[in-house]
Amino acid sequence: MKFSLAWLKQYLETEAGAAEIAAKLNALGIEVEGLEDPAEKLAGFRVARVLTAAPHPNADKLQVLTVDHGDGQPLQVVCGAPNARAGLVGVLGTAGAVVPAGGFELKKSAIRGVESNGMMCSARELELGDDHAGIIELPEDAPVGTAFAEYRGTSPVFDVAITPNRPDCMGVFGIARDLAAAGMGTLKPPRIEPVAGAFPCPVEIRTDDPEGCPAFYGRVIRGVRNGPSPEWLQSALRDAGQRPISALVDLTNYLMLGFGRPAHAYDLAKLSGAVVARRAREGEQVLALNEKTYTLTPEMTVIADERQVHDIAGIMGGEDSGVSESTTDVLLEIAYFNPERIGATGRALGLASDARTRFERGVDPAFLDHGLELLTALIVETCGGEASEVVRAGTPPLETARVAYDPLLSAKLGGVEIAPAEQRAILERLGFAVAEDWTVTAPTWRPDIDGAADLVEEVVRVHGIDRVESVALPRGEGVARPTATPEQKLERRLRRAAAARGLNEAVTWSFIPPADADHFADGNGGLWVLENPISEDMKAMRPSLLPGLLSAAKRNLDRGADGVRLFEIGRRYLRGDAARSDERLTLAVLLAGEREPRGWDQRRNGGKAQAFDAFDAKAEALALLAEAGAPVDKLQVMGEAGPQFHPGQSATLRLGPKTVLARFGALHPKTLEAFDIEGPVAAVELFLDAIPARKGGGGFARVAYAPPALQAVTRDFAFLVPAELPAGELLRAVRGADKANIVDARVFDVFAGQGVPEGKKSVAIEAKLQPGEKTYTDEDLKGISERIVAAAAKLGAELRG
Amino acid sequence: MTDYTALEQEAGARIAAAQDLAALEALRVEYLGKQGSVSGLLKTLGTMTPEERQEKAPKIQHLRQSVADALAQKKAAMEAAELEARLATEKLDLTLPAPEAPRGSVHPVSQVMDELAEIFADLGFSVATGPEIEDDWHNFTALNMPESHPARAMHDTFYFPHQDHAQRHTDGPQGHRTLLRTHTSPVQVRTMLSVVEKNGGGAPIRIIAPGRVYRSDSDATHTPMFHQVEGLVIDRDIHLGHLKWTLETFLKAFFEREDIVLRLRPSYFPFTEPSVEVDVGFAIENGKRVLGGSGDAPGHGWMELLGSGMVNRRVIEMSGLDPDEWQGFAFGVGVDRLAMLKYGMDDLRAFFDGDVRWLRHYGFSAFDQPTLSGGVGARA
Chain E
51 MKFSLAWLKQ YLETEAGAAE IAAKLNALGI EVEGLEDPAE KLAGFRVARV LTAAPHPNAD
111 KLQVLTVDHG DGQPLQVVCG APNARAGLVG VLGTAGAVVP AGGFELKKSA IRGVESNGMM
171 CSARELELGD DHAGIIELPE DAPVGTAFAE YRGTSPVFDV AITPNRPDCM GVFGIARDLA
231 AAGMGTLKPP RIEPVAGAFP CPVEIRTDDP EGCPAFYGRV IRGVRNGPSP EWLQSALRDA
291 GQRPISALVD LTNYLMLGFG RPAHAYDLAK LSGAVVARRA REGEQVLALN EKTYTLTPEM
351 TVIADERQVH DIAGIMGGED SGVSESTTDV LLEIAYFNPE RIGATGRALG LASDARTRFE
411 RGVDPAFLDH GLELLTALIV ETCGGEASEV VRAGTPPLET ARVAYDPLLS AKLGGVEIAP
471 AEQRAILERL GFAVAEDWTV TAPTWRPDID GAADLVEEVV RVHGIDRVES VALPRGEGVA
531 RPTATPEQKL ERRLRRAAAA RGLNEAVTWS FIPPADADHF ADGNGGLWVL ENPISEDMKA
591 MRPSLLPGLL SAAKRNLDRG ADGVRLFEIG RRYLRGDAAR SDERLTLAVL LAGEREPRGW
651 DQRRNGGKAQ AFDAFDAKAE ALALLAEAGA PVDKLQVMGE AGPQFHPGQS ATLRLGPKTV
711 LARFGALHPK TLEAFDIEGP VAAVELFLDA IPARKGGGGF ARVAYAPPAL QAVTRDFAFL
771 VPAELPAGEL LRAVRGADKA NIVDARVFDV FAGQGVPEGK KSVAIEAKLQ PGEKTYTDED
831 LKGISERIVA AAAKLGAELR G
Chain R
27 MTDYTALEQE AGARIAAAQD LAALEALRVE YLGKQGSVSG LLKTLGTMTP EERQEKAPKI
87 QHLRQSVADA LAQKKAAMEA AELEARLATE KLDLTLPAPE APRGSVHPVS QVMDELAEIF
147 ADLGFSVATG PEIEDDWHNF TALNMPESHP ARAMHDTFYF PHQDHAQRHT DGPQGHRTLL
207 RTHTSPVQVR TMLSVVEKNG GGAPIRIIAP GRVYRSDSDA THTPMFHQVE GLVIDRDIHL
267 GHLKWTLETF LKAFFEREDI VLRLRPSYFP FTEPSVEVDV GFAIENGKRV LGGSGDAPGH
327 GWMELLGSGM VNRRVIEMSG LDPDEWQGFA FGVGVDRLAM LKYGMDDLRA FFDGDVRWLR
387 HYGFSAFDQP TLSGGVGARA
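Protein chains in written order, with our numbering: chain E, 51 to 851; chain R, 27 to 406.
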């Protein structure tokens, strides 16, 4: 909300300057978002008189003026305004002045060969109005040479943000009241002199909707002349950022901006019969002042005559009964509307207005008569006419909050000790009634007051919130205790483990294109799809982190990145029981582009670039699971990674047959096609909620261990096995063949083809044997070997000769 | 009469002149082999008289030793030369690049969240979480924003369609709408409710709740998803002064500057009363705003940083605590914003693009783990 210092000073007697007032407003909770001094914009412009005007020798539409601007040395100025003439008193900008509209600096120049030392300005050029038909014409006696800002009496303009709890500050008077309460001067209440009714109100006024419109006051003024407002009013409205329209409209706006009190003026000639506040009928329409037609419902309160709706109550008037230049008789409406109903109607219609904002937050229900009298007096004074008696339908709800207050609360809740007498004085200056027993009654303009805490806020902010001293939170003894939960520690650990493995952490949108989400949905009970997304691409909550990473990887590859290694830790949004959201913390890894770029070193893959494959994904999955404390040795590599993955190059990692800790592999060509990304792409999803808690989480001591005294020995075995036998099964059989002696086994060769029978492959395994107290005898070794061969044989493996 | 000296000289010269290891070996055999000439001389010792032996033995021994030494020396020299020659052929151009391990990084949002957790852990705060797909009871109603509250409209809320709305909170007055949480404040309510459930009554609470929040808003400085951290302290005697101290202490620790100054301004949030908007003083250093210094001095200014206040008693009540016994403060601040202010990013949208160039530039090493002893921030 904008207002000028001059307007504020109508209600506040103060010596304070604009900067001091701005600081106090901030301290009071009325945030100053801008403070502009129009005098600065008008620097370099002066009142000047045209002495002579002669045609320009080289241009038909230009004149050459000599202008007296007060220093006795007339200046030559070229001017194109049709109204420029000798004797005119206007506004001259000289070299160096910056024209407010357009922001260009004036310079001495030659216009069509004639020297020009400045510019006579139009109202629009100085941002004083829309008039650009000619230059400004000031009265004959305007003092030549005076700075125009000083002549015009410009005033600094505040732009403040009013919090929704303070409808009383949505008028300049309310702001003045806060400032006065905080010692910034003396409040000057407006003189309200009732205008006696000269005749009974000729219009019947009723409220048939006492819930939506508890009170509807009105009166008629006959014989007004509507036209442009006087300059003081126009200038006040312009300072407030409003466009002057006509005196009647401007004066209702003046009441609204000055006192936070919306009112409405109808052209009486366009009304017929009783004017009634009632519910709209289903489907009833109204053409509003913004020239849009609104279709109403019975939940909405309207003002209507016997023919049609004329006002969406408290939000916007109707075009058909609005006042115009030809209006002679007006009906003034000043009403109290139910704030909740106004809000609901405004939301339903998607219609915002200054009136709605005020009614919705709650106007002063005790200001109806005062507002009507003030408005009447202003109209009669400005537009002439004769007022009728006031008609009052219904009664506004005047009861206000009564709060049992305790002055100790300023310290207990506000953290600052304030003498009870001062607290009482502050509350009283703000309009509260404070009884002897500290029962505090809120004024009618403070609908926000709800309890003692509100009074603490009033007292503290007026006393000065900067006087609240910092007080340390009580602290536990000793070193701070750890606070993270196991899940939080797991997430932090995995994040840093992934980064240490060369992966870059991304944070991608929780909402993704529905098609992408569908591709990864896996029938998890349906997707969460937003009703009002910001765009189609941000509509479905992700059921997997991979779509977001795929899109990010694609953007990177499109930008020319060679290798993209992304990971993200975040939630997947699934559906739980009873429509509850089931948000699962997940770590996803995506590897796209080149694992290694082509290089000079022929020993490394012949110097060729290498792509990522399923084993890269497996390596990440296992390393991260190990870091998470999962029993990696016990995990089974099983199928069913999902249709988004390559069916032959993907797997799940499970603890037991049901608990899936991760899925990994190369992505399916269809997935790559759907995301328009070049493959191969390898991916991992780690389901953090499935990872069992770290073993031995209770204590710090490790299981006892001493390195064995004797050195381990290795034995190699080459097996011929059925081609489809997973190597992992053979390994598991070998490891399990003699657990007391075999501490590890690994595959060091897999071969099929020449020398290996059809349908078979050769798998070579190195078993690591750890002797206990005695070195192995040949007998021992023979026994172990036999057990290994026997175990392998159960899988159809035979030892190669 | 054998001239041992001449023999020695001759052998020495021939050994010195040997061209390769093979020639040297041949000389060794010729002199010191079983049939070698020096070996032959040694054998003659057995046939000599004691007097003769006494005279000649030292000379012959000396000759043998001298030849053996010469051979050894020559062999060592030859081997050294050969190694040198071989090494010369093994020269590598070490200006060529070594294989590079990919450089990973931690996202600034995660880094800052870890920093916040660390700082607040020291003040006794634990980290709480809550669902992002929320219901309007937790997101609005319980935070003193009933259905018709104008502040609801200011939240630019993302909603899910009506069939997604379930009876989520049984004692709520009406059917609830499902939405994306617009702030982390519902975690306040959930935390208090769970404390009551666990203890059968109130208990002191100190939590922060970082996480994703959503507003239907998108322009140069707003993204429809962003990160907030909520703070909540509930106890018996907590007041505005504690709030001020906590925020000062946190910001000083976070920015690692002692000259952080705060300006509290009264404000309005439905879920706090009194409500306080907090500005932080900044100075211009190298053309950029840097937090610290005096907000009021010339060349300095105030930047709006966060909203906070004393938890509204209606919120405490709706969360199951007795507002006559328990009171406290809450605050909420943008995590992305904190990251930008501290680490100098200027485009919020880049946070969520996943551009690896940006991630590597603004991201953090895995080993930049915030610690109190090392300072929670990671210097550039």
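For each residue, glycine too, the CB sits at the ideal point set by N, CA and C.
Fair warning: this is a prediction, and the values are worked out from it, not measured in the lab.
- Between residue 301 of chain R and residue 555 of chain E, the gap from beta carbon to beta carbon reaches 9 Å or more.
- The C-alpha of residue 766 of chain E lies about 27 Å from the C-alpha of residue 655 of chain E.
- Interface annotation for the segment 369-389 of chain R against chain E: 377, 378, 379, 380, 381, 382, 383, 385, 386, 389, criterion Cβ-Cβ distance under 8 Å.
- In the structure shown, the three-state DSSP call for residue 175 of chain E is coil.
- Taken in chain order, the members of the segment 142-153 of chain R whose beta-carbon sits within less than 9 Å of a beta-carbon on chain E are 143, 146, 147, 148, 149, 150, 151, 152, 153.
- Taking 9 Å as the cut-off, the Cβ atoms of residue 232 of chain E and residue 509 of chain E do not count as close.
- Pairing residue 67 of chain R with residue 90 of chain R gives a Cβ-Cβ distance under 9 Å.
- When C-beta distances to chain R are compared with 7 Å, every residue of the segment 230-244 of chain E stays at or above that value.
- Considering only R:151, R:393, R:340, R:221, the residue with the shortest C-alpha distance to residue 526 of chain E is R:151.
- Taking 7 Å as the upper bound on Cβ-Cβ separation, chain E lies near residues 238, 242, 244, 250 of the segment 223-250 of chain R.
- Taking residue 105 of chain E as the centre and dropping the five residues before and after it, the same chain places the C-beta of 113 closer than 7 Å to its C-beta, in chain order.
- Within the model, the alpha-carbon separation for residue 448 of chain E versus residue 293 of chain R is close to 26 Å.
- In the DSSP secondary-structure assignment, residue 236 of chain R is bridged to R:255.
- In this structure, the alpha-carbon of residue 399 of chain E lies about 10 Å from that of residue 393 of chain E.
- In summary, residue 828 of chain E is exposed, with fewer than 16 beta-carbon neighbours lying within 10 Å of its beta-carbon over all protein chains present.
- Sorting E:309, E:851, E:295 by C-alpha distance to the C-alpha of residue 424 of chain E places E:309 at the top.
- For the 9 Å CB-CB criterion, residue 703 of chain E and residue 666 of chain E do not form a contact.
- Only exposed fits residue 585 of chain E, as fewer than 16 other CB atoms lie within 10 angstroms of its CB.
- Listed along the chain, the chain R residues whose CB falls inside 7 Å of the CB of residue 213 of chain E are 293, 294.
- Flagged as an interface residue toward chain R: residue 583 of chain E, by a C-beta distance shorter than 9 Å.
- Taking the Cα positions, residue 219 of chain R is about 10 Å away from residue 226 of chain R.
- Residue state for residue 157 of chain R is assigned as coil, using DSSP reduced to three classes.
- Beta-bridge partners of residue 204 of chain R (DSSP): R:161.
- Judged by DSSP in its simplified three-state form, residue 735 of chain E adopts strand.
- Counting the other Cβ atoms within 10 Å of the Cβ of residue 158 of chain E gives fewer than 16, which makes it exposed.
- DSSP places residue 30 of chain R inside the alpha helix (DSSP H), whose first and last residues are 30-43.
- Rounded to the nearest whole angstrom, the CA to CA distance from residue 278 of chain R to residue 332 of chain R is 15 Å.
- Contact annotation for residue 344 of chain E against chain R: no contact, minimum CB-CB distance about 18 Å [criterion: below 8 Å].
- Across the set R:76, R:209, R:176, R:238, the C-alpha of R:238 shows the shortest separation from the C-alpha of residue 622 of chain E.
- Under the 10 Å beta carbon count, residue 167 of chain E is surrounded by 16 or more other beta carbons and is classified as buried.
- Among the residues facing chain E, residue 131 of chain R is included, as its CB has a counterpart in that chain under 9 Å away.
- With respect to the C-alpha of residue 465 of chain E, the residue from R:233, R:180, R:353 having the closest C-alpha is R:353.
- For residue 298 of chain R, the uninterrupted beta strand (DSSP E) segment begins and ends at 298-311.
- Secondary structure at residue 352 of chain R: coil, using DSSP grouped into helix, strand and coil.
- In the structure shown, residue 57 of chain E falls within a helical segment according to DSSP collapsed to helix, strand and coil.
- Along the segment 356-368 of chain R, none of the residues has a CB nearer than 7 Å to a CB of chain E.
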